[in-house]
Every structure is written in structure tokens, then in C-alpha cells.
Amino acid sequence: MHDEMTMPRTQGQTLPQKFYSGLRLLDRIPHDLIALISRLSIGAVFWQSGQTKVDGWHVTDNAVYLFETEYKLPFVDPWIAADLAAFAEHFFPFLLVIGLASRLSALALLGMTLVIELFVYPDAWPTHGTWAVCFLVIIAGGPGRISIDHLIARHFGNNAR
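The numbering of the sequence shown is my numbering, which starts it at 2 and goes up by one.
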């Protein structure tokens with residue numbers, strides 16, 4: 002016997018209605034899974050980028066050179082920009098992966114993405130748009146139950162996602 006809550010009702014339905022009922026199953030993809038995949042995947046993108054900027058605990062000369070010649074951020078010294086970028090691309094992805102201060106971390110990296118889009122690679126909007134969606138999933142919906150944020154919220158009695 003099929004549970005009516007888990008199986009779409011298709012008897013007596015037209016083909017388009019059956020198709021739509023099948024699509025409604027996609028509504029059951031849990032936010033927790035979507036948020037976890039968003040946190041891990043976008044965290045990995047920024048972590049890997051950060052790894053290209055450092056050698057051990059030091060920002061590489063090549064990273065500074067890129068900020069001097071290719072990235073050319075207005076109003077920011079290339080040495081400071083390289084250091085800040087290397088820090089942000091390690092710190093915030095780490096927080097995203099463990100699910101701590103997730104919304105704040107996603108917001109910080111979304112800001113970084115906007116700077117990259119506006120000042121560095123304006124033609125890369127399809128890639129940056131994809132990154133933005135991952136961040137917005139976390140900012141708008143929270144990090145999900147597989148996160149330290151959720152454990153903290155549960156401990157303090159908040160109904161966090």
C-alpha cells in the first residue's frame with residue numbers, strides 16, 4: 002500500500018497533470034541538503050583561490066603582482082588587497098564549511114564577488130552569478146541543520162533553519 006504523502010496521485014489525471022505531479026516531488030528536496038551543498042561547493046571555490054595566493058603563511062609575490070597588474074582595485078594598495086583577499090578566501094570558506102557564522106560569511110564573500118565582478122572581471126558575470134546564488138541560498142535560508150549555527154540556535158531555543 003502506498004502512502005499518499007510520499008507518492009503523487011496520478012490515477013485519473015491527464016498526462017500534463019501527471020507530469021506536474023512528478024515535478025512536485027522536487028519540492029521535497031530538503032533545504033538542509035541544498036544549503037550544505039552550497040556551503041561546501043562555494044567554500045571550495047574560494048578556498049582554492051586563496052591557496053593560489055599563499056605559500057605557507059605568507060602571501061606570494063605572484064599574488065601581489067596580480068593585484069598590481071591585472072586586478073588593479075581602485076583605492077587599495079596591492080599588498081593590502083592581496084593580504085585581505087588571501088585572508089578572506091581562507092577564513093570565510095572555513096566558516097562556511099563548518100557552518101559557523103554562515104550568513105555573515107556568505108555575505109562577506111558575496112561582497113567580495115561583487116567587487117570582483119565590478120572591478121576585475123566584469124565579463125565573468127555568469128560565473129559570479131552562480132556564486133551569488135550559492136551565497137543567497139545561505140543568506141536567505143540559513144545554513145541548514147547540518148551546521149554549528151543550527152546547534153547554537155537549538156541550544157539557545159531559536160528556530161533557525
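For every residue, glycine included, the Cβ atom is placed at its ideal position computed from N, Cα and C.
Going by C-alpha positions, residue 104 is about 45 Å away from residue 13. Residue 150 sits in a helix when the DSSP states are folded into three classes. In the DSSP assignment, residue 59 is bridged to 56. Assignment of residue 19 by DSSP, reduced to helix, strand and coil, places it in the helix class. By the criterion of a C-beta distance shorter than 6 Å, residue 31 is surrounded by no residue of its chain, once the five residues flanking it on both sides are discounted. In this structure, residue 100 sits near residue 150, with a CB-CB distance shorter than 8 Å.
Taking all protein chains shown into account, residue 64 has 16 or more neighbouring C-beta atoms within 10 Å of its C-beta and is therefore buried. Less than 8 Å divides the Cβ of residue 36 from the Cβ of residue 138.
Residues of the same chain with a CB within less than 7 Å of the CB of residue 98, apart from the 5 flanking positions on each side, are 40, 41, 44 in chain order. Annotation for residue 104: the continuous alpha helix (DSSP H) segment containing it runs 103-116.
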